[in-house]
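Start counting the sequence shown at 1; every next residue gets the next number (the UniProt record's numbering).
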Amino acid sequence: PLPPPTMAAIVEQVMGWFPEAGGAQAIAKPPSLSAAAGYDGEDRVSALPDDLLRNIVSRLVLKDAARTASLASRWRHLWKSAPLVLRDVDLPRPAVGRVLADHSGPFRGATFARCRFAYHGRALADWPRLLASKGVEELVLVDNVCDPTADTLPLPADVLRCASLQRLFLGFWTFPDTAGLPRGAGVFPYLRELYMFLITITDRGLDYMLACSPVLETLALIFNKTPERVLLRSKSLRCVLLWLSMVEGEVAVVDAPLLERLVLFEAPTGGSGEGDGVLVKVKIACAPKLRVLGYLEPRIHQLHIGDKVIKPNTRASPSTMVPGVKILGLKVNFGALEEVKMLVSCLRCFPNVEILHIESAPADGPTGRHLAKFWREVRPVNCIKSHVKKVYVHEFRGDQSEFEFIKFIGSNAQQLQAALVVLTKEKFDSADQANELTRKLGDHTYHPWAGKDVVLLVLGPNPKDGVWRRSFRKASDLTVDDPFH
């Protein structure tokens, strides 16, 4: 902490920053402050080295940083070279351009999230160009459209010339043609995180970003009109999220030696696949460090491992396995035989899974099937028998087919420590239904469990679940061990 005389000097000099209702009249200083401190009138803060003063200024809101120019002659130009964070919410819109033009850079961060760029044609041309020249490190550029379904503006190509970027969030844009843009690892040599929200982008555009970002670790496509194919070729990627994003053809991990996490969340159906036309191919060719995968949905996804297509009758072999996956998420309708068969085939492909998340998908109509005979006769599944320690069954409705699956897990999982059954909100809100399902679960699991001291928990949905499940930042946080928990 600064000594009292210095603190008193700061208080005295910043009093003029606060405008009163009638104008920019200074607020009176508390009369006892300098007297109690023995303040002698010396400006000790201004005597500090420039680098330290810039560090102080860089921690202020931008409009306050600019106001430090009025403190003393020593401070007049400091804010223009201090690394600042620019947010359009902190300034009148006309002032944004002036700050960008006057400040020499760098900017630690810049956020433009409340502008409708269709009304600011000149700004749309100037701001990205100025940011590119001022060494911006983190950029949030969102076109604040009134109608999210309306056509989006082309993303200013100058954004793709910000070589200093480390984190980039783009929202409501159409990705530009990259034909005339520079290429190679020098385009985004420092970019580690890329988030694209409601971006219309082609295969070529996504390939361009991956090829030009040699240290990119996180790629998130959120509500995107994504390309027909998402081909992941990157020596640095660790986490990829397709968050409510439509892919019409395939998601292929072609060559991603460091990829740890591939999250496919609530993918809309699409594509021009065979048969019913809704299959999206999920291909895993080279991902030796892949640890987290999900949610795979047999109704939507067709799993490929190497050059093998995984089908209900596929036999497990080294060429059809991804041994590194420890956390797996699947979404399945337990009343649909073909989906249940695919569930078992998928489990055979990931022999070392330790945490299994199963989301019970509602049937399109009554199936009248509980598939008890299937679960009694199915051959042992290696990951269930020898490795699974925790099983989560989400969106549990109490259908007999769901009970049969839990019985299968309980009687086969020798390493199981906990089975967590999460009821749907509708079932949990009714105390009678919740108690009845809990009783039935107890009745169906009275037989000895294959594991020792297994804990069976019947839970209600997290009241914040609707928000959490849409928290792409949490899902992309690699310090969070289980993104599906």
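Here a beta-carbon is modelled for each residue, glycine too, at the ideal position from N, C-alpha and C.
Values in this document were obtained by computation on a predicted structure and should not be read as measured data.
Given a length threshold of 3 residues, each whole run of the beta strand (DSSP E) inside the region 344-413 is given here in chain order: 355-360, 390-396.
Nearest to Arg-87 by C-alpha distance, out of Val-140, Val-393, Arg-261, Thr-200, is Val-140. Tyr-208: member of the alpha helix (DSSP H) spanning 203-211, first to last residue. Ranking Ala-363, Leu-303, Ala-372 by CA distance to the CA of Leu-343 puts Leu-303 first.
Beta-bridge partners of Leu-153 (DSSP): none assigned. The continuous alpha helix (DSSP H) containing Glu-426 extends over residues 425-429. Bridge partners of Thr-111 according to DSSP: Arg-87, Val-140. Of Ser-73, Val-85, Phe-265, Asn-144, the smallest CA-CA separation from Ala-475 is found for Phe-265. DSSP places Ala-256 in the coil class of the three-state scheme, outside both helix and strand. Per DSSP, reduced to three states, the secondary structure at Leu-198 is strand. In the DSSP assignment, Leu-100 falls within the unbroken alpha helix (DSSP H) covering 93-102. By the criterion of a C-beta distance shorter than 6 Å, Leu-206 is surrounded in its chain by Pro-227, once the five residues flanking it on both sides are discounted. For Tyr-119, the secondary structure class from DSSP, reduced to helix, strand or coil, is helix. In the structure shown, Ile-56 adopts helical secondary structure according to DSSP, grouped into three states.
Lys-373 and Phe-334 have their C-alpha atoms some 13 Å from each other. In the displayed model, Ala-419 falls within a strand according to three-state DSSP. Looking at the DSSP output, Glu-193 sits in a beta bridge with Arg-167, Thr-218. Look at Trp-449 here: in three-state DSSP terms it is coil, with no helix or strand label. Pairwise C-beta distances place the region 402-409 out of contact with the region 428-436, as fewer than three of them are shorter than 8 Å.
For Phe-472, the secondary structure class from DSSP, reduced to helix, strand or coil, is helix.
Spatial neighbours of Leu-293 in its own chain (CB-CB distance under 6 Å, excluding positions within 5 residues in sequence) are listed in chain order as Leu-262, Val-325, Leu-328. For Lys-235, the secondary structure class from DSSP, reduced to helix, strand or coil, is coil. Contact between Phe-169 and Tyr-190 does not hold, since the beta-carbon distance rounds to 15 Å and is not under 8 Å. Within the model, the alpha-carbon separation for Pro-461 versus Gly-410 is close to 22 Å.
In the structure shown, Val-454 adopts coil according to DSSP, grouped into three states.
Here the region 450-461 does not lie against the region 160-176, with fewer than 3 beta-carbon pairs under 8 Å apart. Residue state for Glu-339 is assigned as helix, using DSSP reduced to three classes. A distance below 6 Å between beta-carbons, with the five flanking residues on each side excluded, links Leu-130 to the following residues of its chain, in chain order: Leu-100. The beta carbons of Leu-242 and Val-253 sit no closer together than 8 Å. When Ser-104, Arg-291, Cys-349 are compared, the shortest CA-CA separation from Val-480 is found for Arg-291. In the DSSP assignment, Lys-63 falls outside any beta strand (DSSP E) and lies within the alpha helix (DSSP H) extending over 62-67. DSSP, read as helix, strand or coil, puts Trp-243 in strand. Arg-74 carries a helical assignment under DSSP once its states are collapsed to helix, strand and coil. Lys-289 is not bridged by DSSP to any residue.
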